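These protein sequences, in sequence, are chains A and B. The first sequence runs 1 to 327 under our numbering. The second sequence runs 1001 to 1302 under our numbering. Cβ atoms here follow ideal geometry from the backbone N, Cα and C, with glycine treated the same way. It should be emphasised that the depicted structure is a prediction, and the values quoted were computed from it without experimental measurement.
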Amino acid sequence: MKAATIIPDSTPGNREKPQKTPQSRKRFWRTFKNQKYLYLMSLPFVIWVFVFSYLPLWGWTMAFQKYKPARSFFEQEWVGFEHFKTLFHDDQFLLSLRNTLAMSSMGLIAGFVFPILFAILLNEIRLSFFKRFAQTISYLPHFVSWVVAAGIVTKMLSTDNGLVNDVLMGLGFIHQPIQFMAQGHLFWGIVTLSDVWKETGWNAIIYLAAIAGIGPELYEAARVDGASRLRQIWHITLPGIRPTIIVLLIMSVGNLLNIGFEKQFLLGNNLVTDYSQVLDLYSLKYGLGMARYSFGTAINIFNSVISVALLFTINGIFKRTTKESLL
Amino acid sequence: MGKTALAHGKSWSDRIFDALVFIIVLLVVVITIYPFLNVLAISLNDSIDSVRGGITIFPRHFTWDNYIKIFTFSGLITGFKISALRTIAGTLLGLFSASMLAFTISREDFQGRKFVSTFLALTMYVSGGLIPTYILMKDLGLMNTFAVYILPGIVSAFNVFVIRSFIDGIPYALQESAKLDGANDFTIYWRVILPLAKPALATISLFLAVGQWNAWFDTYLYNGSSESLTTLQYELMKVLQSTTAGSGGDYRTNLVTSTVNQVSPESIKMAITIIVTVPILLVYPFLQKYFVKGMTLGAVKS
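Below is the structure:
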């Protein structure tokens, strides 16, 4: 808006629908010449994005071919939905889908509850130096790689001198150390809690900022009315950060299937494959690892399509119920 | 609650509440920091003594031996160099591209604005996936090259939008007066926008640098077989996975031949973990004040 009002001579072509008259075309080229630097500064990167982000989408055609790397695109043999049929009948696929959905839903819930709780708790701390100290420490794990984080988690859960086993034995809950990393049914929980350990402090930043934006007069009024601290949290803080929660929720639901595979790759081992194999690892192992590129691509497509469909569905539901939208 | 609660125990319940909150947050702090201190203590402890266990946050038999030993691993030296190189190159190029794109789409008079920003925004929702990307890198001849660390990540839509929302806050009159002085758009970007956008640039460079430093999967996928292009994170991954008979060995079979297969003692692993983490700890305090701002900015506007 501001640019249009300040420079009247350069009316942008996209504001009012450009008609294809010779005049408007002339005006376009004149502005084009005036803005040559802007074009020079953006078009090379647009080509860049095309190559590295859009060309892989072209690669989706592989899923409908019997792709052979040595052949050109026109020499490939087309097989229709054959790979998808194989995929949907594969037990490993169903297993991977189950694991992906389970770990992403657990991650989604934990990734909301813990940061919100932590932000609220931090906000209630009166000693400002301790508040700052706690916050600084809490971001720390976000910045270390998953390689390091997985190493630390494995160390803490190990049977020889792992902290968790030591504490549990010390408190008398168990008599034998538990082999955490070797138990399939514990894997989802371990991945989720590792994520909580690594990301809670970081994800709390947004909520803290949202809480800081709530007017102090609301709290004062509540105090005058005799509301306890818990009631103030329930009736002022939580409603105050509601819009933030909704926006972040929509974004994370869209990424439900794109949970990545780093954690599962690094924390998993052969003993827990039935619980650690997510869709991306499945495509890595049975697609890339076996040079079945077409089959692997079919897995990736399934993943992307479902993610986008979820995003639009959830956004639609929210739009209808809360009149707030992200897209 | 009501009046009675106010009259009777307001300060009391307040005090209990404060104490509870303090204890919980303290517990969170301890859980977060303890593993790091524990790893540090073990890395500084005699490796044979460590097997006995019971080391908490102080080494029992202090020694630098573990660190001296890991500096004889050639993979780590190469890894350190490559990791440092990709961090510097990736951060500079990423910063340059993101700020330039952000500048062009912040200009409301730019004709290509809508196209460029939509074209970028779409990449945040749809991605080709693992295998199509792998095939593309192969077809572009990027396997076993240093370039594969840098080129794919040069333009990131998220970074562009964070910087752009910062630029939107810079008064347009500044650009206008520069224009009256005869500056072209590139000069405005270089002389006016970049110096004023420093806080946003600091945030983005932190994100880029941490991302580059922490990356390991691209090494595994594209450069696993060339030892001269290994990265520090990848080396650590191989060492850490060497005992667990991890999933790493499983998927790697057709892609790369693993080089480190001997089981490394605990203390060596911990020492490498520390070496890999320290560079991040060094830059962290300096950039902290920026990234909180940048994180909030990105989330609210994008």
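1) Does the structure place the segment 1272 to 1292 of chain B close enough to the segment 138 to 151 of chain A that three or more beta carbon pairs sit under 8 angstroms?
2) Measure the alpha-carbon distance for His1061 of chain B versus Arg1052 of chain B and round it to whole angstroms.
3) If you drop the 5 nearest sequence neighbours on each side, which residues of the same chain put their C-beta closer than 7 angstroms to that of Thr322 of chain A?
4) Can a CB atom of chain B be found closer than 7 angstroms to the CB of Ile246 of chain A?
5) Check whether the Cβ atoms of Lys263 of chain A and Val147 of chain A sit closer than 7 angstroms, and answer yes or no.
6) With DSSP collapsed to three states, give me the class of Pro270 of chain A.
7) Beta carbon of Gly1129 of chain B, beta carbon of Asn300 of chain A: below 7 angstroms?
8) Is it true that the segment 150 to 166 of chain A meets the segment 66 to 83 of chain A, where meeting means three or more beta-carbon pairs spaced less than 8 angstroms apart?
9) Mapping the DSSP letters down to three states, classify Trp337 of chain A as helix, strand or coil.
10) When the Cα of Met106 of chain A is compared with those of A:His83, A:Ser42, A:Leu186 and A:Trp58, which residue comes out closest?
11) Looking only at its chain, what residues have a beta carbon closer than 7 angstroms to the beta carbon of Leu266 of chain A, apart from the 5 residues adjacent to it on each side?
12) Where does Asn1045 of chain B fall in DSSP's three states?
13) Pull up the distance between the alpha-carbon of Ser1225 of chain B and that of Asp1218 of chain B, whole angstroms please.
14) Taking only the alpha-carbon atoms, compute the straight-line gap between Asp1014 of chain B and Asn161 of chain A and give it to the nearest angstrom.
15) Closest Cβ-Cβ distance between Asn1214 of chain B and chain E: below 7 angstroms?
16) So, under 8 angstroms CB-CB, Val1025 of chain B and Leu249 of chain A are touching, yes? Tell me the CB distance rounded to an integer number of Å.
17) Hey, would you say Glu1235 of chain B sits closer than 7 angstroms to Gly1090 of chain B, going by beta carbons?
18) Looking at Leu1206 of chain B and Gly1094 of chain B, is the spacing between their C-beta atoms short of 7 angstroms?
19) Identify which residue in A:Val278, A:Ser294 and A:Gly316 has its Cα closest to the Cα of Met103 of chain A.
20) Where does Lys33 of chain A sit, in a helix, a strand or coil, going by DSSP?
21) Comparing alpha-carbon positions, which option in B:Glu1266, B:Ser1267, B:Ala1271 and B:Ser1156 lies nearest Leu1232 of chain B?
22) Just grab the DSSP bridge partners of Phe1062 of chain B for me.
23) Since I believe Val1116 of chain B is in contact with Thr1133 of chain B (beta carbons under 8 angstroms), could you give me their beta-carbon distance rounded to a whole number of angstroms?
24) Exposed or buried, what is Pro56 of chain A when buried is set at 16 or more other beta-carbons lying within 10 Å of its beta-carbon?
25) I need the DSSP call for Gln92 of chain A, collapsed to helix, strand or coil.
Let's see:
1) In short, these stretches touch, since the Cβ pair count reaches three.
2) Roughly 12 angstroms separates the two Cα atoms.
3) Hits under 7 angstroms: Ile246.
4) Put simply, the CB of Ile246 of chain A is far from chain B, with every gap to its CB atoms at 7 angstroms or more.
5) If you check the CB distance, Lys263 of chain A and Val147 of chain A do not come in under 7 angstroms.
6) Residue identity differs from the one stated: residue 270 of chain A is Asn in this sequence, not Pro. In the structure shown, Asn270 of chain A sits in a helix (DSSP, three-state: H, G or I).
7) Against a cut-off of 7 angstroms, the Cβ pair of Asn300 of chain A and Gly1129 of chain B comes out as a contact.
8) At 8 angstroms Cβ cutoff, the stretches do not touch.
9) Past the boundaries of the shown model lies residue 337 of chain A; chain A is included only from 1 to 327, so the question cannot be answered.
10) Per the Cα distances, A:Leu186.
11) Only Trp146, Val147 and Ala150 meet the Cβ criterion.
12) Assigned with DSSP and collapsed to three states, Asn1045 of chain B falls in strand.
13) Approximately 12 angstroms, taken between the alpha carbons.
14) Annotation: Asp1014 of chain B to Asn161 of chain A spans about 40 angstroms, alpha carbon to alpha carbon.
15) Among the protein chains in the structure shown, which are A and B, there is no chain E.
16) Contact flag wrong, Cβ pair sits at about 25 angstroms.
17) Going by C-beta atoms, Glu1235 of chain B is not nearer than 7 angstroms to Gly1090 of chain B.
18) Not closer than 7 angstroms, so no.
19) Taking Met103 of chain A as reference, the option from A:Val278, A:Ser294 and A:Gly316 with the minimal CA-CA separation is A:Val278.
20) Here Lys33 of chain A sits in helix by DSSP.
21) Of the candidates B:Glu1266, B:Ser1267, B:Ala1271 and B:Ser1156, the residue whose Cα lies closest to the Cα of Leu1232 of chain B is B:Ala1271.
22) DSSP output for Phe1062 of chain B lists B:Asn1045 as bridge partner(s).
23) Rounded, the Cβ-Cβ distance is 23 angstroms, inconsistent with contact.
24) It is buried - the Cβ of Pro56 of chain A has at least 16 other Cβ atoms within 10 Å.
25) Helix, per DSSP.
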